[in-house]
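> Taken in order, these protein sequences are the chains called A and B. My numbering numbers the first residue of the first sequence as 1 and each following residue consecutively. My numbering numbers the first residue of the second sequence as 1 and each following residue consecutively. Glycine residues also receive a C-beta, built at the ideal position from the N, C-alpha and C atoms.
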Amino acid sequence: MAGLNPTLGAQVRVIGFLRWRLFVNSLRSVRGRLNLVSRAIAGVLVLGAGLGGGIALGAVAWGMTNEHQLNWLAVPFWLIFLFWQLFPVMATAFTQNIDASSLLRFPLSYPGYFFVRLIYGALDIATALGMCWCLGLVAGISAADLSLAPWALLAVAAFVIFNLSLARMIFVWIEHWLSSRRSREVMGVLFLLMMICFQVAGPVLGRYSKWAAPQRFAVLAKLLPLERVLPPGLAAGVIEKAVQGQHSSALLSAALIAFYTAGALWILHGRLRAQYRGESASAGEKPRALAVTNGAAIRRGWKLPLLSGAISAVFEKELRYFSRSGPMVFTLVMPVIMVFVLWGGRRALMGQQMNFVFPIGAAYCLLVMTNIVYNSFGADGGGVQFFLFSPVSFRQITAAKNLAQLTILALDVCILWLGVRLVFHAPPMRVIALTVAWLLFATPINFAIGNLLSVYSPKRIDYAVFGRQRASETTILVSLGVQMTVLGVGALALFLGRRYHTMWAATAMLATLALFSITAYFLLLARVTRIALARRDVLTTELFRA
Amino acid sequence: MDSPAILTEGLTRRFGDFTAVQDVNLSVAPGQFYGFLGPNGAGKSTTIKMLTGLMAPTAGRMQILGLDLATHLTEVKRQIGVVPEGMALFGRLTGSEYLNFAGRMYGLDRRTTAQRAAELLDFMELSQQPHTLITDYSHGMQKKLAMAAAVIHGPKVLFLDEPFEGVDAVASGTLKAMLQRMTARGVTIFLTSHVLEIVERLCTYVGIINNGRLVAQGSLDELRSGVVAGSATPAGEKMTLEEFFLHTVGGSRAATQELSWLG
């Protein structure tokens, strides 16, 4: 039938139009318009980082070329490469992405599909910055020696195409792995381990800094040959060899980059071809054998002394949710990591300063908890409807949630205390009292405001997912203000205590403030039911949003 | 005569300029199996949300079991069970944990909750996967679990929003039998469904909502005979529920329209 043979160009234009309409339609809501403002601000920042980084790298390249130090040119190439490939993974890998393979329901040819997937979302922040910085390198080298301009352009062009291809390949494979909840959780754990590695990197480097310089250089010397045969090293090699007049070697290096690019595209092709042939993105979700147990007895729910069955039920539900959440495990191990990090830098801590490891760690524990406290219905998703039609007031539900959060915080602080005691020495009683008084002041304030924001500005989150999951912009802003206030008050109390050599007076001051904050907490808690009922439309709509 | 189990007067809900439900007057007697029908976007889910306390009405009055929802919301909630549109499940609990949670939220003691949860899981054929998280359940299994949670406390009025959607034929038969036994014991069931055959087989009374207005309400026989206000069918002439529904909501246009280019 005539008219049923669309060209690739027409299909790409239609897909472009679709993306444009999605963007325009998103502006109908206030949230969409706020996101546009955020994007505009981010755009200005990216432009600044791109121009600034480009100029800085240009200056570095100019200096290296002028000083005949082109053997160091691999360093900026490696930095660009690592940023280009790691940043998108960190920023997007743990979110649930739109399944672009849904385009396959349309009569798209395979080359068309490959092309669309290659360019679909390719111009992200990392690509924009990476390209700006690469242009900076070309400009710097060309400014120092114009005869090198073609070689710099060749090296950078090959490097840019390689990075684009590799980034798309990584993205498509990660998208495949993340299509199942279980692999998302595995990635989450890997992310957690990576975070721990970053935290521990400082102490470990500090520990090995006592190595003699020749030893360190020996390790680097062993790594150099490996670095030279990888794309960033090869890109630097193109220019370096061109300077030395080894033009055929320079061309060979460029060809090797093209070879790596072909490899990345081939792996990308493997995944896309499988999708094109009918394997859906969610095929990664393999049916698992069901653990069949006949007549398994149902365990009774928890019973907390002095508390109602409903509060006990919500408390149990919250702790079960937390225990199955990667980020929550992260929250619990954080104090231990904190102690370890501080242990790495213990040589810098002098006498009295060691006493403040415990209060600093406790403040950090509370800070980590605010992620949950300020959006406490976020993980419930559609389940919030159950709270709304159950005969339990939101005041009770919120109190039970706060109780669960308080339990975790208390557990965190106990672990911290134990860690500090083992690694340093037991914190003096006056420091423990000061810390507890500050926690009694800061925690109810955070809970009170967190409860209000949880109802006023909820946002659906998944505890199993890491990454770009945040509370709403309003929540982040208010939370920041509250943290600055409570930390400021704590710091003031500490300063006054040290200034007048009476830590107990500072503790008394914080304890007095704690009375006010606890009163404020209960006053606000009493209003939560009324507010939640008034806001029930927002709660169900926002938390139901996929 | 008993007071209605569900009664609404002038029930209205507006979203800005758009009126989703307008001046709806429902009356459902105790023990009735009431089917609430309407085309997509007619206002069925909005009505059920208001009746279950998930959404506040803009105007009008609602009574469940003689209790005004505006003043006795918690008392009403104790006596109703709900399977809402989104099922209201907590994905990262197991089925038994969720039922344990639900029972205790409705005030059952731990022993009774555990006992009923075990029975319900067995009845719904969900007991063979005690360690599977709800998020890993199939859609049909989630529907069955939501139904189990809605009845664990023995409600007097049950609100079901599309309860059979995605449920297999075997489970569907089990659920229908359970619901019929419940109405025989005096439980009132308020059900929305797009599947008219289900409504025709289960419900004794039907209400039809279109463009936010209740356009017909009565027993199945009354509707089929055309004696219900809003129906233009001559009395005495029996119709199927589908014919009556299409006639009432103006579906005949779509049936007679043709797309000439379709093979």
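Return the CA-CA distance between Phe15(B) and Asp23(B), expressed in angstroms with no decimal places.
15 Å
> Could you check whether Leu118(A) and Arg168(A) sit closer than 8 Å to each other, using their CB atoms as the reference points?
yes
> Considering only residues of the same chain and omitting the five flanking positions on each side of Glu240(A), which have a CB-CB separation below 6 Å?
Around Glu240(A): Leu70.
> Tell me, to the nearest whole angstrom, how far the beta carbon of Glu125(B) is from that of Ala171(B); I am working on the premise that it is less than 8 Å.
7 Å
> Rounded to whole angstroms, what is the Cα-Cα separation between Asn446(A) and Lys303(A)?
Cα to Cα, Asn446(A) sits roughly 27 Å from Lys303(A).
> Does any heavy atom of the ligand MG sit closer than 7 Å to the C-beta of Asp380(A)?
No copy of the ligand MG appears in this structure; indeed no ligand is present at all.
> Beta carbon of Gly237(A), beta carbon of Leu137(A): below 8 Å?
No; because the gap between Cβ atoms is not below 8 Å, this pair is not in contact.
> Short of 9 Å Cβ to Cβ, which residues in the stretch 30-46 of chain A face chain C?
Of the chains in the structure shown, none is chain C; the protein chains are A and B.
> On the three-state DSSP scale, how would you describe Arg13(A)?
helix
> Among residues of its own chain, excluding the 5 on either side of Thr65(A), which ones have a beta-carbon nearer than 6 Å to its beta-carbon?
Ile141, Ala144 and Asp145
> Would a check of beta-carbon distances place Arg530(A) closer than 8 Å to chain B?
no
> For the pair the stretch 72-88 of chain A and the stretch 222-235 of chain A, tell me if three or more CB-CB distances fall below 8 Å.
yes
> How should Glu97(B) be labelled, buried or exposed, when 16 other C-beta atoms within 10 angstroms of its C-beta is the threshold for buried?
Buried, because 16 or more other Cβ atoms sit within 10 Å of the Cβ of Glu97(B).
> Excluding the 5 residues preceding and the 5 following Asp124(A) in the sequence, name in chain order all residues of the same chain whose CB lies nearer than 7 Å to its CB.
Pro88.
> Measuring only the C-alpha atoms, how far is Arg33(A) from Leu515(A)?
Answer to the nearest angstrom: the Cα atoms are 41 Å apart.
> What residue range does the alpha helix (DSSP H) around Gly549(A) cover?
Not covered by the structure: residue 549(A). The range shown for chain A is 1 to 546.
> Assign Asn40(B) to one of three DSSP states: helix, strand, or coil.
Reduced to three states, the DSSP call for Asn40(B) is coil.
> Is it buried or exposed, Asn25(A), if we count other Cβ atoms within 10 angstroms and call 16 or more buried?
exposed
> For the putative contact between Thr370(A) and Ser479(A), defined by C-beta atoms under 8 Å, what is the C-beta separation to the nearest angstrom?
With a Cβ gap of about 6 Å, Thr370(A) and Ser479(A) count as contacting.
> Could you pull out every residue in the same chain whose Cβ sits closer than 6 Å to the Cβ of Arg110(B), ignoring the five residues on either side in sequence?
When the five nearest sequence neighbours on each side are left out, no beta carbon in the same chain lies closer than 6 Å to the beta carbon of Arg110(B).
> Quick check: the Cα distance between Pro523(A) and Arg421(A), rounded to an integer number of angstroms?
Sequence check: residue 523(A) is Leu here, not Pro. Taking the straight line from one Cα to the other gives about 37 Å.
> Using a threshold of 8 Å, state whether the C-beta atoms of His153(B) and Gly103(B) are closer than that.
Result yes, Cβ atoms of His153(B) and Gly103(B) sit closer than 8 Å.
> Of all the residues that make up the stretch 86-103 of chain B, which are near chain A by a beta-carbon distance shorter than 9 Å?
Within the stretch 86-103 of chain B, the qualifying residues are Gly86, Met87, Ala88, Leu89, Phe90, Gly91, Arg92, Leu93, Thr94, Ser96, Glu97, Tyr98, Leu99, Asn100, Phe101, Ala102 and Gly103.
> Quick check: the Cα distance between Ala264(A) and Ala274(A), rounded to an integer number of angstroms?
Taking the straight line from one Cα to the other gives about 16 Å.
> For a test of the three-state rule: what should DSSP assign to Leu135(A), helix, strand or coil?
Leu135(A) falls in the helix class under three-state DSSP.
> Return the residue from the list Met484(A), Ala506(A) and Arg395(A) that minimises the CA-CA distance to Trp438(A).
When only C-alpha atoms are compared, the closest one is Ala506(A).
> Measure the C-alpha to C-alpha separation of Arg78(B) and Leu319(A) and round it to an integer number of angstroms.
25 Å
> I'd like to know if Thr156(B) contacts chain A, where contact means its C-beta is closer than 8 Å to some C-beta of that chain.
First, the residue type needs correcting, since residue 156(B) is Lys and not Thr in the sequence shown. False, the Cβ-Cβ gap to chain A never drops below 8 Å.
> Please confirm whether Pro4(B) and Ala29(B) have their CB atoms less than 8 Å apart.
Yes, Cβ-Cβ distance for Pro4(B) and Ala29(B) is below 8 Å.
> Taking only the alpha-carbon atoms, compute the straight-line gap between Phe81(A) and Leu434(A) and give it to the nearest angstrom.
47 Å
> Could one say the Cβ of Tyr456(A) lies closer than 8 Å to chain B's Cβ atoms, at least one of them?
no
> Grab me the residues of Ser27(B)'s own chain with a C-beta within less than 7 Å of its C-beta, minus the 5 sequence neighbours each way, in chain order.
Taken in chain order, the residues that qualify are Pro4 and Leu7.
> Helix, strand or coil: which one does DSSP assign to Ile298(A)?
Residue state, collapsed to three classes: coil.
> How big is the Cα-Cα spacing for Thr204(B) and Arg530(A)?
38 Å
> Name the one or two DSSP bridge partners that Thr205(B) has.
Note that residue 205(B) is Tyr in the sequence shown here, rather than Thr. Answer is Tyr34(B) and Ser219(B), bridged to Tyr205(B).
> For Val157(B), which option in Ser225(B), Arg201(B), Leu191(B) and Pro39(B) has the closest C-alpha, if you only look at C-alpha atoms?
Leu191(B)
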